[in-house]
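Working notes, beginning with the structure itself.
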DNA sequence: CAAACCATGTTGACATGCGCAACATCTGGT
DNA sequence: ACCAGATGTTGCGCATGTCAACATGGTTTG
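Protein chains in written order, with our numbering: chain A, 8 to 210; chain B, 8 to 210.
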């Protein structure tokens, strides 16, 4: 496992090779099969480990916040910070884990990381900052924002260094928070939604 | 190229094989090398084609908007709609193109797609809806939102079908737009920024 | 018109990687 | 002492990416 994680950190998902992991661990090229069913299975284990550390990073960053509102912003910053510090782990977690777990009837890895963010939203609702309606759409919005920032930053699409990326994340998070707290016209997404004002899908 | 694109649509980046493309094209396993330097080069060509279609989808969706504000929202919806309709193309464009083009001194593929969104932001500034400061941070925020929604939806992390995902995108985009239009405390990101209120990076 | 040239395609070979099967070793329990 | 299970090893078949050498058909040029 340790060799696998360091290799992911160095080579990324594309350069990740079962045999190279075995070489680094000082064992034969087939030894990993005694612990993992396949290459993808090892990747999935690395991804699971990564999700645990992502959750830890977020909760740790939140501890520096005084208010519930600041804690939510810091939660998002922690998300991006994790992605910046372990970009290749992040790629494995989201680029591959989704594909792989969908074959295994999706045990929904990484659910706990999302719950941290969701709880931060609920805390704001209980504090009266946000309306006490369905918190999921707001949580999805926040998640999408930080996830998008993380992905774009990793891909080199944002011309910012790490510190500026984090600073931008904080400001963007506060902007979005302003946007979702002023009104509450998020509709219901519980399978009974009407199709008002559809964009231009499948035209 | 046609065989390559259909294969990407069916098998995704992981199942994409140079030899399979050759088989589908009815040629020998080495024929593609007369047109592309390597497997990655072919992937990059597919990604470039995809970015062109992404830009076309966004501009087409924007035409249905009456106001500049509605056009920006539809622009984001077009982004997500493209990702939902050609999810594997989308993965190639962003998951692989970033890695590959970074080796080739980044000709910055996909720049034109971002410009569509940036122009929509500038249009709102010229219309007085948004302050006329640096439009980049706002554009990044919008981009990150729709990109995050697209990635999460493709990965199956949003429990919404395609139509609901698009409806959610529209509402989230309007929420974020409210957030970035009310205030304008986006700081300057031109290499001269101070490190005020840093989150908890590299602690 | 013939010769050189180029684009395209083909065959063969080599290195690497994944995954399977059979065999070896080492440990703990009875 | 013996067995069962866990772990590791060697060897193999298959698929892939990539390179090198060769073939072919059309185009340009002397």
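Yeah, the Cβ is synthetic: ideal placement off N, Cα and C, and Gly gets one too.
Only a predicted model underlies this, so the values are computations on that prediction, with no experimental measurement involved.
8 Å or more divides the Cβ of residue 154(A) from the Cβ of residue 91(B). The contact set of residue 154(A) on chain B, defined by CB atoms closer than 9 Å, consists of 151, 154, 155, 156, 158, 159 and 164 in chain order. Under the DSSP assignment, residue 86(B) falls in the alpha helix (DSSP H) whose first and last residues are 75 to 92.
As the crow flies, the alpha-carbon of residue 186(A) is around 13 Å from that of residue 76(A). For residue 28(A), the uninterrupted alpha helix (DSSP H) segment begins and ends at 25 to 32.
Assignment of residue 72(B) by DSSP, reduced to helix, strand and coil, places it in the coil class. Proximity of chain B to residue 144(A) at the Cβ level (cut-off 8 Å) is accounted for by 175, 178 and 179, in chain order. Comparing alpha-carbon positions, the option among 183(B), 95(B), 138(B) and 162(B) lying closest to residue 11(B) turns out to be 95(B). Closer than 8 Å to the CB of residue 122(B) there is not a single CB belonging to chain A.
Look at the stretch 20 to 51 of chain B: the residues with a C-beta under 8 Å from a C-beta of chain A are 21.
Of the candidates 173(B), 39(B), 79(B) and 99(B), 99(B) places its Cα closest to the Cα of residue 17(B).
Assignment of residue 139(A) by DSSP, reduced to helix, strand and coil, places it in the coil class.
At least one CB atom of chain A sits nearer than 8 Å to the CB of residue 182(B). In the DSSP assignment, residue 130(B) falls within the alpha helix (DSSP H) that extends over 118 to 133.
Setting aside the 5 residues that flank it on each side, residue 39(B) is surrounded in the same chain by 25, 28, 29 and 49, each with a C-beta closer than 7 Å to its C-beta; the list follows chain order. Look at residue 8(B) here: in three-state DSSP terms it is coil, with no helix or strand label.
The stretch 163 to 174 of chain A and the stretch 133 to 152 of chain A do not touch, with fewer than 3 CB-CB distances between them shorter than 8 Å. Within 8 Å of the CB of residue 147(B), the CB atoms of chain A belong to 156, 159, 165, 175 and 179, in sequence order along the chain. Apart from sequence neighbours up to five positions away, the residues of its chain that approach residue 62(A) with a beta-carbon distance below 6 Å are 119, 120 and 123, ordered along the chain. Under the criterion of beta carbons closer than 8 Å, residue 104(B) and residue 116(B) qualify as touching, at roughly 6 Å. Shown here for residue 137(A): same chain residues with a beta carbon closer than 6 Å to its own, the five before and five after excluded, namely 131 and 188 in chain order. Residue 89(A) places its beta carbon 8 Å or farther from that of residue 66(A).
Distance between residue 35(B) and residue 128(B), taken at the CA atoms: about 48 Å. Residue 41(A) counts as exposed, since fewer than 16 other beta carbons sit within 10 angstroms of its beta carbon. Ranking 87(B), 57(B) and 23(B) by CA distance to the CA of residue 45(B) puts 23(B) first. DSSP places residue 186(B) in the helix class (H, G or I) of the three-state scheme. Classified as buried, residue 20(B) has 16 or more neighbouring CB atoms from the shown chains inside 10 Å of its CB. For residue 15(A), the closest of 43(A), 57(A), 183(A) and 135(A) by C-alpha to C-alpha distance is 57(A). In this structure, the straight-line span from the alpha carbon of residue 84(A) to that of residue 68(A) is close to 8 Å. In this structure, residue 162(A) sits near residue 101(B), with a CB-CB distance shorter than 8 Å.
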